[in-house]
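Novice: Just add 286 to wherever you are in the sequence shown, counting from 1, and you've got this note's numbering.
Below is the structure I would like to discuss, written out as structure tokens.
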Amino acid sequence: VEADLGVPIINKRVAVTPIALVAGSSDPEALVAVGRALDRAAADVGIDYIAGFSALVHKGFASGDRALIAALPEAIDSTERLGGSVNGATTRSGINMDAVAQMGHTIRAIAERTAARDGIGCARFVVFANAVEDNPFVAGAFHGVGEPQVTLNVGISGPGVVNSAIRRLMASPPPSGLDLGSVADVVKRMAFKVTRAGELIGRVVARKLGEPVQFGVVDLSLAPTPAEGDSVANILEAMGLERAGAPGSTAALMLLTDAVKKGGAMASSYVGGLSGAFIPVSEDAGMVEAARVGALTIEKLEAMTSVCSVGLDMVALPGDTPAETIAAIIADQMAIGVVNNKTTAARLLPIPGKRAGDVVSYGGLLGDAIVMPVNRFSCERFIRLGGRIPAPVHSLRN
């Protein structure tokens, strides 16, 4: 298909029904074995990642959920392709703070078990609010219970194309003049073209695979890579910001995300997944540089996640960050997702032995992680209260 259409397919990924549902009567040891079996299956058929080692606990825990969460550190440590996730909040259910508190300890445990590789296991675990059932991106993908037997969902990339188009516009303004409206229009047109290619590839591959495979959705998410120029941060800078993270970054990202959705929605009959713009720090060379020079902080990233997808993604933290602080950062992300009725997530990497400013090179699509400083003030008492933050009221909007 790549050769026929001239469009590269970067990764092949599979997502399964959440394992906590499939193997709900299993104990943690058995679930670790399930994770290893999935990993072997992915290797045998040449799949880059397999996801769905997941639990949905936004309203509370079933026994299978508890067992899967207990199995996560060992399952991630003993596999190479397995992706796991936990959905801890929804707009209709509120935030399960018991789950969020436990996630802080789980993430630290994964980091410690993979300490010899700079905590890389944490790159394969995500905590969600409002997780979607047709997400093609790992590590947080799972095959939702409302999905058909087998579906093929496509995730698009293309930040480099959008970046080049904006820079051309800035260098040669149209006769009618240049403003942010014309920037949005250029982004919209490029998103249409990229999405059209993604839909074509998805339909061709689904047809070649045959029954029972059905074409699912195109996820309209600009997903950066560490490659030069393939950066969402560079797009924001092309709009006139000195660095991503400067004042105005949230507004620029909102413009970008909305224009991508508008252009993509015209190009595809079936839009789904996360659909927006990703800002994974380590996977975006422009974000790494912005963090290195001090333009981008966790707090600014958090503000930016309110207008894009997905959330605090591939953010490296000092290795001594307390579990309660990690949980509180996750809780803040959950709150943004719940109150705005959008998907948010946290993929956090507390890197053992590293301090703020250190850089860890993971290579490949994971890129270089720069350890970002964390607010030193305690949130331990708040997190230990636990319980469930109630769902927000919808009738009193302001």
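Even glycine gets a Cβ: it sits at the ideal position worked out from N, Cα and C.
Would the stretch 423-434 and the stretch 330-339 be scored as touching if the rule is three or more Cβ pairs under 8 angstroms?
Specialist: Yes, they touch.
Novice: Given a cut-off of 8 angstroms, decide if Gly405 and Ile637 are closer than it, judged by their beta-carbon atoms.
Specialist: For the purposes of this step, residue 637 is taken as the residue at position 351 of the sequence shown. For the purposes of this step, residue 405 is taken as the residue at position 119 of the sequence shown. Yes, the Cβ-Cβ distance between Ile637 and Gly405 is below 8 angstroms.
Novice: Taking DSSP as the reference, what is the three-state secondary structure of Ser664?
Specialist: Taking the first residue of the sequence shown as 1, we reach residue 664 at position 378. Coil, per DSSP.
Novice: Which residues in the same chain as Tyr556 place their Cβ atom closer than 6 angstroms to its Cβ, once the five residues preceding and following it in sequence are excluded?
Specialist: Residue numbering aside, residue 556 sits at position 270 when the sequence shown is read from its first letter. Answer for Tyr556: Val503, listed in chain order.
Novice: For the pair the stretch 646-659 and the stretch 609-623, tell me if three or more CB-CB distances fall below 8 angstroms.
Specialist: no
Novice: Classify His344: buried if its beta carbon has 16 or more other beta carbons within 10 angstroms, exposed otherwise.
Specialist: Taking the first residue of the sequence shown as position 1, residue 344 is located at position 58. Flag for His344 reads buried.
Novice: From the DSSP output, in three-state form, read off Ala492 for me.
Specialist: By 1-based counting over the sequence shown, the position of residue 492 is 206. Note: Ala492 maps to helix in three-state DSSP.
Novice: Less than 8 angstroms between the C-beta atoms of Cys665 and Thr591, yes or no?
Specialist: Within the sequence shown, the letter at position 379 stands for residue 665. Within the sequence shown, the letter at position 305 stands for residue 591. In this structure, Thr591 does not lie closer than 8 angstroms to Cys665 by Cβ.
Novice: From the DSSP secondary-structure annotation, give me the bridge partner or partners of Leu635.
Specialist: The residue you call residue 635 lines up with position 349 of the sequence shown. According to DSSP, which records beta bridges pairwise, Leu635 is partnered with Ala602.
Novice: Roughly how many angstroms lie between the CA atoms of Ala563 and Ala509, to the nearest whole one?
Specialist: Position 277 of the sequence shown holds residue 563. Position 223 of the sequence shown holds residue 509. About 7 angstroms.
Novice: Which one of Ala327, Leu671, Ser681 and Gly430 has the shortest CA to CA distance from Ile381?
Specialist: Start at 1 with the first residue of the sequence shown, and residue 381 comes out as number 95. Considering only alpha carbons, the answer is Leu671.
Novice: In the structure shown, what three-state DSSP assignment does Ile247 receive?
Specialist: Here the chain comprises residues numbered 287 to 684, so residue 247 is not present and cannot be evaluated.
Novice: Would Arg489 and Phe501 qualify as a contact pair, given that the criterion is a beta-carbon distance under 8 angstroms?
Specialist: The count along the sequence shown starts at 1 and reaches residue 489 at position 203. The count along the sequence shown starts at 1 and reaches residue 501 at position 215. Against a cut-off of 8 angstroms, the Cβ pair of Phe501 and Arg489 comes out as a contact.
Novice: I'd like the span of the beta strand (DSSP E) that includes Asn416, first residue to last.
Specialist: For the purposes of this step, residue 416 is taken as the residue at position 130 of the sequence shown. Neither: Asn416 is in no beta strand (DSSP E) and is coded neither H nor E.
Novice: If I'm right that Ala519 touches Gly559 with Cβ under 8 angstroms, what's the distance once you round it to whole angstroms?
Specialist: Locating residue 519 in the sequence shown gives position 233, counting from the first residue. Locating residue 559 in the sequence shown gives position 273, counting from the first residue. Not quite, the Cβ-Cβ distance comes to about 22 angstroms (not below 8 angstroms), so this is no contact.
Novice: For Met552, collect the residues of the same chain with a Cβ closer than 6 angstroms to its Cβ; drop the 5 residues on either side in sequence, then sort them by chain order.
Specialist: Along the sequence shown, one-based indexing puts residue 552 at 266. Correct list, in chain order: Phe478.
Novice: If you draw a straight line from the C-alpha of Pro676 to the C-alpha of Asn626, how long is it?
Specialist: Against the sequence shown, residue 676 aligns to sequence position 390. Against the sequence shown, residue 626 aligns to sequence position 340. When rounded, the distance between both Cα atoms is 14 angstroms.
Novice: Helix, strand or coil: which one does DSSP assign to Ala301?
Specialist: Here residue 301 is taken as the residue at index 15 of the sequence shown, counted from 1. Correct three-state label for Ala301: strand.
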